[in-house]
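Report on one structure; see the data block that follows.
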Amino acid sequence: MVSLKVLERFAHDGHIERIVTDMQKIQVPAPMSTALRDYELYCRDRRHLRATTLRERTREIAIFADFLGSRNITSFDQMQPADLCAFVTAQHRLSAKSVSRIVSDVRCFLRFLLMRGILQQDLSHVLPVVHVPRDATIPSVWDPEVLIKLLEAVDRTSPKGKRDYAIFLLACRLGLRVGDIRALSLDDLKWETATIEVRQSKTLAPLCLPLTEEVGEALIDYLRSGRPHSDHREVFLTLNAPFLPFREADSLHWIVRHWKAMAGIHFRTPQRYGLHSLRHTLATRLLHEQTPFQVISDILGHATTASTLIYAKTDVETLRTAALNTEEMRHV
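Written as structure tokens, this is what we have:
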């Protein structure tokens, strides 16, 4: 079964990747399955969650149900506060951000169970509130010379190289999110005004970016000589028939990993290097060039500049400028 999934993924995306089968290892007690399915439908039809969010939340609740099953609990009405505390404690190996998300998802589920009468008391208050500061982590960025090495390693004579190079430029030159690159439509390319106009997948807000000459040439090269003929309106398609758009949950991390290996790139210290890190790199470069925060925020499609301020942590010189002078503080 797993080998078939690997072949299916290769046919769809043109790459071989180890398939993680966590969901196959999760065992939801049968009496809990109905409630879990009802919650999934509730989130889809009443809460209108996006497909990716819905899959993530359903998986978290399935893991929660599996944990309860390991404690010989076969129905949600058998839960006790101690079981919830034990579940949170069991997540200790995860990052604070992951724990915060999981706890929030379980809390919402417990309120759903109370609303449906499956629980007789509100247990959601038993779960702790896990606060994660917005600037708790430093975004991973590429050194300029390493980014150049990555781009130069791309074989721009092949369909794969033409596609991947255009994807890289959209991320590191325009700062598009992975989700917006996946969903980018031919209709979003406004050649007459030299702009790219998208509705952001994360915020649903419109975003208009300049279609620079470098990015435009890469897109034209792919569209003319690399993109297979298809009725799909998405710009980027898989390499093998039936030539489909990327899956909604695909982070495109494998694209960066492939060309990083081809370039022989090894980072001085461990860091994330997915496609989103190229977006971080653009933000950091603009900050280093003293581009106003509001301009950077507009380019990245942030709802507020608060989301942009985190990139100041990657620029030591900016941090030094922003730091409070202790001598000045004495006279305040």
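Each residue of the sequence shown is one higher than the one before, counting from -16 in our numbering. C-beta atoms are modelled at their ideal positions from N, C-alpha and C, and glycine is treated no differently. As the structure is a computational prediction, the values presented were derived from the model and not from experiment.
Report, in whole angstroms, the separation of the C-beta atoms of residue i and residue j, which I expect to be a contact under 8 angstroms.
i	j	result
GLY162	LYS185	6 angstroms
LEU19	LEU67	17 angstroms between Cβ atoms; not a contact.
CYS155	LEU265	6 angstroms
PHE50	LEU96	Not a contact, Cβ separation roughly 15 angstroms.
PHE110	ARG90	According to the sequence displayed, residue 110 carries Leu and not Phe. 5 angstroms between Cβ atoms; contact.
ILE164	PHE219	7 angstroms
LYS243	LEU133	6 angstroms
PRO127	THR57	The pair is not a contact, with the Cβ atoms about 57 angstroms apart (cut-off 8 angstroms).
VAL71	ILE248	No, VAL71 and ILE248 are not in contact; Cβ-Cβ is about 38 angstroms, not under 8 angstroms.
ALA201	LEU152	5 angstroms
Would residue i and residue j be called neighbours here (beta carbons separated by less than 8 angstroms)?
i	j	result
ILE150	ILE238	yes
ASP88	GLU43	yes
GLY158	LEU283	yes
VAL113	VAL86	yes
ARG262	ARG160	yes
ALA65	MET15	no
GLY52	GLN104	no
ALA232	THR35	yes
LEU167	VAL181	yes
So what does residue i bridge to, in DSSP terms?
i	result
SER208	The partner list for SER208 (beta bridge, DSSP) is empty, contrary to what the question assumes.
CYS191	GLU180
LEU172	ILE179
GLU217	SER168
PRO228	LEU220
Using the Cβ count rule (16 or more neighbours within 10 Å means buried), how would you classify residue i?
i	result
ASP171	buried
PHE250	exposed
ARG216	exposed
LEU270	buried
THR267	buried
LEU77	exposed
GLU196	exposed
LEU187	exposed
THR17	exposed
ARG40	buried
HIS259	buried
LYS80	exposed
PRO189	exposed
MET98	exposed
PRO275	exposed
MET245	exposed
ALA45	buried
Distance cutoff 8 angstroms, beta carbons only. Does residue i sit that close to anything in chain B?
i	result
ARG33	In the structure shown, chain B cannot be found, because there is only a single protein chain.
### Query
Can we say the region 199 to 219 touches the region 140 to 154, given the rule of at least three CB pairs closer than 8 angstroms?
yes
Validate contact between the region 123 to 142 and the region 164 to 181 using beta carbons, cut 8 angstroms, 3 pairs: no
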